[in-house]
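Engineer: Chains as they are written, first to last, in this note's numbering: chain A, 28 to 515; chain B, 28 to 515; chain C, 28 to 515; chain D, 28 to 515. Even for Gly, the Cβ is constructed at its ideal location relative to N, Cα and C. Just so it is clear, the structure is predicted and the values come from calculations on it, not from any experiment.
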């Protein structure tokens, strides 16, 4: 039965072998360690929603394969509505957690993208990748897995191809092909949601040619697979998460990124979905990014909703009516709706792949990526403008000081503004701070790839010559107007 | 048979009784008069496309009522795909004409909106408006009509309701209800596409209460109905259209706005679809604007495409490679795709009315209206930046001078830059000028209503209190944080 | 005595030999011809202000050479205060006329720039250019001349240098050097203020090397010099200026651009200030653009002030309180103050040349040019947003129709909104239209050179390596971090 | 002798009585405690620069009173050049430290503002405040003091005046006036540079009326005065500063804010410069903010310079040429120059007060404040865009992990990109992170007051009616066009 509860999920995480480190220390239990418990809690809320009558329709669906009820994040996406439901779930996740839930996001996208790519590979090479993938999907649906996804390689010297690098490990690679599986070696960096995941998709980090076929690799591994060491990345503000007083200073939710170090890791064949077919990395990247960059608009709009809410709260905690800031709040809402609506537009204008998978319209999806890397910054700026000085750069005492026996009472007296308590104002300010300059800031700039990469897709998707012909027709210009010839 | 040709259309226009004036003169034949022939040509291109194998799928469809092939602009829109096809047609129209084709746009939207509203009215009041409308739609489909739509009233004193105005005529009104029809009186201002239309929908210009029921009026009239006088508005640059040399200075296409003066005009019952049911004006405005403001994103993106094309052309005519301006061209393409994709998103997230009509998601549609009133200005700015000084403020001689026997040859010598002829460069520069500061500038700011009106819808569609609750939950704030109490 | 009146000025213009054409016709008297009388009126207002007790301090000053009272636009600028007064005069000119007064602007800048450049040339080459220039300045001050300035050449193929062009005439050139003067031949295009000028400075249009020394040319000529033919450029909307009803549709003021065709024109030595000294064209361009692009911020801010005023007027004419638009009006005022204040900052941080001339800080001046090419577009957008649909795309009848005996009264009835008359509303709407999409739109994009050119100066003025060193010092990075080596 | 060295300054700080707390702990020595040593180091660099031949001209000047050489931050500002030198020093301070040096900034501005205000008060009330102030300035110049300044009160309920508050202490107040001095009580919040200061100016936090005269208070106190307790505010990321590995993760420099709790503090008369003269609080705020908001443009431009430098560094550390990002780097440079140049413009157009003090032009200064609260956000966004994912949200391991014996070497292998070492890349990424989402983010939004406050000044400084008159004159509208009358 594919629907799991928060309890089941926590139990499953605790059963994984500890292999995550932070600040030089092995995290024994990700569900309770202060460095990881918040992101686990974020993901728990998706399990809660799956059983919440108000939200079950969105968070669950029926399996395309078995017809059974499953978590939506384990499902196949085969129509624009499926994609839009992905977006709805993402926006709602952000509204519940204020941040990213990477382990119910990237793996989902990966399985659907690979569904199409494996079909193409199988067709050309007679492989059975799609069948393998189907089996794994059935397992994931059955277990209600949370699955992270890893694309980004270390990359080394950006001017060289993977096979040209001094150190071949700077891209995760197939080191050996055995009869029963493959040995992989290398690293994946800044992978979102790792600590909350049960399994991890390993995916091509770029578009490769034949000479780089050792790096054309897709598979899925348990998070605690032998030979994998995970180092949690640190954000500027995450030491605060570790303190006893952290409850007053940071939310109960969160996201973390992990660095995955693979040392001679064996992956059995049934979990391998691409193994050297370099020419299909282009398809993978194209399909994956189209859906990812369409749907990421929902993420930043959901976080924007929380920024709107935090700003309303903060205005009132400051003793002001939220109406004072109507123009700014409406601008924030417009920013949110742009990335959300543009994402939905990309989904609506997408195309159905022969495999059944559905993919978003590339030019619209990549246009959205540029907006996703732009508008949230303005929304954050407005959050800081509305919140006032105590929000902007954390001009508040630590909670240790705020509750210090010697002068804490005095501080609290001075931090009371409107009818809200000093404590509520303190927390509200910390929330706006967290959302705009703390741990809640999502990776909307480079997450899912850079905006310059997206601009490149827009460039190659825009039919400039066709447009020039329209201009000529409208004005009645018959003459051929050409690019100037290069002077040698 | 509902499919008409350019020839049929021109013939039909010529058969209408002349009632359009400009510069104090009665226009005898709109199809040949220089003040109107360009907008007629713009609409002709929609008839052409209906018979063009490449475009017929988009420009035609089958009638929901009869199953016959009809022009798409006479069809019912009953799904998100129907709405998105409306957008596609609009974008393509702009690409072909560089400007608006109002008479294959507003009437189409009106008939679909009224289809829903009449159903609601009929249900409450037992009227037979929807049946009347159906009969008219069958007629329109049969004749392949071009139909303008008129909402904007003169409005008089903006602080007073229609019934409070010193002059009751400042809103078009029902002056008398007869057994066989109604007498209407007043005016509709700045109505797009009138000169190219065969019929005109008259629609409520605002949301009215009971006391203003005389103004709650929807009907459709032939463009040459008795008692209707039309004055063509003038743009700053349209005197140029009248000159003999106009072919070199302005495109063959165009759009015009008309001012409709109704003096005791009789409309028979079968053409009346709302007559005093004031409370349904709100529904009309809500449904109409949702679809209009979703789809208008396609208009400005289509014109943006032409600006991209004109800029490519202009760069080359200046002797430069279009690649010099890649960043700017990509920014323009992104602007275009934002309003287009956001419109598609509004369509995709719309809702189906009990009548079968489909309407776009309001908050997304109105968000798009704000973008439509913003981004094209930046696209125009970039068009002028790429085009150079001769584009920006028309720093070129008139074509009379350009071809003057005394000094024209000298001028042409100096206007040649790259491999293009001086004539091609002249025309290309005039096109960019026309698109950015001439007759090609569309009414994207206030057409379909003001952006401030759209912001109001965004404001009332954003659930601020719900968002504040999300913020509280995320931060674990249990306390009620309230609006400050007003001090009396 | 250097102070002239409007009357003196008009008389002087009338005494010039007619050599200006428009629409194929020779303009006999620029002071009365409808194509040029408005720009002449604009310039008249500077003479008026010179005698207005409220403004005389700004519009006049004392001659550095003679100590006599002169028009400020004939003066030497030798301090940052002199430059800022140039800006103040420009802002005030725009406020009075709504547009540019090119003949009391470019010549002024030219004489001051050449004052510095001739000193440098004389020092190297032992020429007496500065002395010649001084004599001419004394003459200009004595006569209170209006002096246009012409930089822009036809340019031909942008990828070739002047001497490489198929047609050498596409840059104005020294065709022959005689003992008593030079013969020049070629053209200058889109020269602002020509029709209102008495003399014209001819200036280098680019930075040239030795091989292009024939194009390194600076001199000043009477506007009606033998061999010069001027063609007035046409804007999209200027046919309207010629009509009998033009007073209701366009302001009394204006600006025009002229195309100057030089055919074997003799310029006597005493009016020649650079003749082949190619290396000094770089200095000329550098100094000239620094001052021009600093001060142009005042122009667009002055026009912005009028847009603010027109918007206040328009709001009221529409029957609304200007307070409805406070946020937008404040944004407009901020835009105005940015370009003005940034210009003043460039002046304040400028430098004094050994000749006594004072020049603005280049990086700040060129930054301002980028703003000048950006912010006014947003201010115009806001003007259209506030003004409503009748402002945006000229959705108004022509004045012929507005006053037509048959239906004019009816139109006027419908165009009345608030307490203002229909006529006042009509004119107010025409003004906003003229400012944003009509003849009042200034050439802020390319006037004084392109923003991309300005960005280039910013690029070369920013000490990137020095800034990288700051970053290293702050972070304690000792290592040398280098540009990647090019791979061959 | 007024010039002190880094050594003198550190010694002076160590001699102050410890009264600063953070995280519940008393900081015994601000010069060595990791929570404060970085901001002290920032200020040390100003002393270093005062003795650096390259910079001494900027960092020192001669005393207006004694003619002796003093630190510039102790000087009187009596001309626009003095103000611009204030800006130059601020920009340079940011370039050296990456952040704010509040203790050589606010006190300096305060003494100059009070110089003017005390003259006005003395004139009306016959007091001797200016003489007292002069004596204190002589002392400050003699000792080369670093002086913070404190305006912001706790404020309590924003809808009530100070005297109406339930708790009168929420604004710092004069509790008792004694013959030899006053007793003050209350708090000042989020005061920048406190920990690095030797003395602190206490200044009016708002504009008060007579009934609030107890809050009209200006004086200067030693930082360790009896009855003053200071709590250091915490930023989201400052726990990192306390760690042993902090040198690799954060710069050596920094800024902190303090919360000042005054309990019955006695201030002797010679240090009191305003004591109840409520009507002069308006003048104080007006003069103070004009200079502060003009000059703050230099701060953000200086930090922007470091962001440019960090971005160049980061591009190279990523193995890319900085040229890849030329457009973005130029945009950043333009942003920097806007706030700097606009500030200089405000200074250049300022006015000289009868006291000799010089104040910036209000509308330009407040326009700049709006830019200061906007442009740096875009500059930060670009810094993150150029830097890549590792910069954006700190997707890097902690330095403890980076150097961990078990897996540190592996991490370093994967963090090497171009020719720079992994360590240099790590530090460069941390710097960009620190500048954009860490402790280096300056309080440019609300520091020196909110942008909405600045917009209010712009609003009241813009002569809307005068501008409407210009519009009328240009268009020849004679009629009076009025605001609509309010309907009762």
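(1) Along chain D, in chain order, which residues have C-beta atoms closer than 8 Å to that of residue 2/A?
(2) Could you give the C-beta distance for residue 175/B and residue 219/B, rounded to a whole number, given that I count them as a contact under 8 Å?
(3) Answer yes or no: does any C-beta atom of chain A fall closer than 8 Å to that of residue 402/B?
(4) What does the Cβ neighbour count give for residue 49/A, buried or exposed, with the cut at 16 atoms within 10 Å?
(5) Please confirm if the stretch 177 to 187 of chain A is in contact with the stretch 442 to 449 of chain D, defined as three or more CB-CB distances below 8 Å between the two stretches.
(6) Spell out the partners DSSP gives residue 88/A in its beta bridges.
(7) Tell me which same chain residues have a C-beta within less than 7 Å of the C-beta of residue 331/A, skipping the five on either side of it?
(8) In its own chain, which residues sit with a C-beta less than 6 Å from the C-beta of residue 515/D, not counting the 5 before and 5 after it?
(9) Going along chain B in order, which residues have a C-beta closer than 7 Å to the C-beta of residue 186/C?
(10) In three-state terms, what does DSSP make of residue 323/A?
(11) At a CB distance below 8 Å, what residues from the stretch 179 to 204 of chain B approach chain C? Give them in sequence order.
(12) Against chain A, does residue 389/B count as a neighbour if the rule is that its beta carbon must be under 8 Å from one of theirs?
(13) Which runs of the beta strand (DSSP E) fall wholly inside the stretch 219 to 264 of chain D and span at least 3 residues, in chain order?
(14) Would you check if the stretch 188 to 195 of chain B and the stretch 285 to 294 of chain B touch, i.e. whether three or more CB-CB distances between them fall below 8 Å?
(15) Count the other CB atoms within 10 Å of the CB of residue 427/D; is the residue buried (16 or more) or exposed (fewer)?
(16) State the Cα-Cα distance for the pair residue 221/A and residue 250/A, rounded to the nearest angstrom.
(17) In chain order, what residues of the stretch 437 to 451 of chain A put their CB closer than 8 Å to some CB of chain D?
(18) With a CB to CB cut of under 7 Å and the five nearest residues on each side skipped, what residues in its chain are close to residue 481/C?
(19) How do the stretch 496 to 506 of chain D and the stretch 295 to 315 of chain D stand: do at least 3 beta-carbon pairs fall below 8 Å, yes or no?
(20) Whose CA, out of 87/D, 177/D, 120/D, lies closest to the CA of residue 97/D?
(21) Given a cut-off of 8 Å on the beta-carbon distance, is the pair residue 311/D and residue 432/D in contact?
(22) Throw me the rounded Cβ distance for the residue 374/B and residue 85/B pair, which I believe falls under 8 Å.
(23) Is the stretch 146 to 154 of chain B touching the stretch 237 to 249 of chain B in the sense that three or more CB pairs, one from each, lie closer than 8 Å?
(24) If I'm right that residue 367/C touches residue 118/C with Cβ under 8 Å, what's the distance once you round it to whole angstroms?
(25) In the DSSP assignment, the beta strand (DSSP E) including residue 203/A goes from what residue to what residue?
(26) To which residues of the same chain is residue 82/C closer than 6 Å at the C-beta, ignoring the five residues directly before and after it?
(27) Once DSSP output is grouped into helix, strand and coil, what is the label at residue 473/B?
(28) Using DSSP with H/G/I as helix, E/B as strand and the rest coil, what is residue 355/C?
Structural biologist: In short, the structure shows the following:
(1) Not covered by the structure: residue 2/A. The range shown for chain A is 28 to 515.
(2) Here residue 175/B is taken as the residue at index 148 of the second chain, counted from 1. Here residue 219/B is taken as the residue at index 192 of the second chain, counted from 1. That belief holds up - the Cβ atoms of residue 175/B and residue 219/B are roughly 7 Å apart, short of 8 Å.
(3) In the second chain, residue 402/B corresponds to position 375, counting from 1. Cβ-Cβ to chain A under 8 Å: no for residue 402/B.
(4) Along the first chain, one-based indexing puts residue 49/A at 22. A residue is called buried once 16 or more other Cβ atoms fall within 10 Å of its Cβ, and residue 49/A is buried on that count.
(5) Per the Cβ contact rule, the stretch 177 to 187 of chain A is in contact with the stretch 442 to 449 of chain D (3 or more Cβ pairs under 8 Å).
(6) Here residue 88/A refers to the residue found at position 61 of the first chain. DSSP lists 97/A as partners of residue 88/A.
(7) As a first step, residue 331/A is located in the first chain; it is residue number 304 there, counting from the start. Cβ within range, chain order: 359, 362, 363, 403, 406.
(8) Against the fourth chain, residue 515/D aligns to sequence position 488. Bear in mind that the predicted position of residue 515/D carries a pLDDT of just 48, short of 50, making it too unreliable to give a figure here.
(9) Here residue 186/C refers to the residue found at position 159 when the third chain is read from its first residue. The answer, in chain order, is 346.
(10) As a working note, residue 323/A is residue 296 in the first chain. Per DSSP, reduced to three states, the secondary structure at residue 323/A is helical.
(11) Those residues of the stretch 179 to 204 of chain B that come within reach of chain C (Cβ to Cβ, closer than 8 Å) are 179, 181, 182, 183, 184, 185, 186, 194, 196, 197.
(12) Counting from 1 along the second chain, the entry for residue 389/B is found at position 362. Answer no: the Cβ-Cβ gap between residue 389/B and chain A never drops below 8 Å.
(13) Here the runs fully enclosed are 226 to 229, 244 to 249, 255 to 259.
(14) Of all C-beta pairs linking the stretch 285 to 294 of chain B to the stretch 188 to 195 of chain B, fewer than three are shorter than 8 Å, placing the two stretches out of contact.
(15) For the purposes of this step, residue 427/D is identified with residue 400 of the fourth chain, where counting begins at 1. Buried is the call here.
(16) Walking along the first chain from the start, residue 221/A turns up at place 194. Walking along the first chain from the start, residue 250/A turns up at place 223. Each residue's Cα considered, the two are about 8 Å apart.
(17) For the stretch 437 to 451 of chain A, residues whose beta-carbon sits nearer than 8 Å to a beta-carbon of chain D comprise 437, 438, 440, 441, 442, 443, 444, 445.
(18) In the third chain, counting from the first residue as 1, residue 481/C sits at position 454. Sequence-distant partners of residue 481/C (beyond 5 residues in either direction) whose C-beta falls short of 7 Å from its own C-beta, in its chain, are 320, 393, 396, 397.
(19) No, the stretch 496 to 506 of chain D is not in contact with the stretch 295 to 315 of chain D.
(20) Translated into the one-based positions of the fourth chain, residue 97/D becomes position 70. Between residue 97/D and the set 87/D, 177/D, 120/D, the nearest pair of CA atoms involves 87/D.
(21) Numbered from its first residue, the fourth chain carries residue 311/D at position 284. Numbered from its first residue, the fourth chain carries residue 432/D at position 405. Residue 432/D is positioned such that its CB atom lies no closer than 8 Å to that of residue 311/D.
(22) The residue given as residue 374/B occupies position 347 in the second chain. The residue given as residue 85/B occupies position 58 in the second chain. The C-beta distance from residue 374/B to residue 85/B rounds to 15 Å, too long to meet the 8 Å contact threshold.
(23) They do not touch, by the three-pair rule.
(24) Position 340 of the third chain, counted from the start, is the residue given in the question as residue 367/C. Position 91 of the third chain, counted from the start, is the residue given in the question as residue 118/C. Residue 118/C and residue 367/C do touch by the CB rule: their CB atoms are close to 7 Å apart, below 8 Å.
(25) Walking along the first chain from the start, residue 203/A turns up at place 176. 200 to 204 is the span of the beta strand (DSSP E), which, as asked, contains residue 203/A.
(26) Walking along the third chain from the start, residue 82/C turns up at place 55. Apart from the 5 residues on each side of it in sequence, residue 82/C sits with its Cβ closer than 6 Å to the Cβ of 76 in its chain, given in chain order.
(27) As a position in the second chain, residue 473/B is number 446, starting the count at 1. Residue 473/B falls in the coil class under three-state DSSP.
(28) Within the third chain, numbered from 1, the residue matching residue 355/C stands at position 328. Helix, per DSSP.
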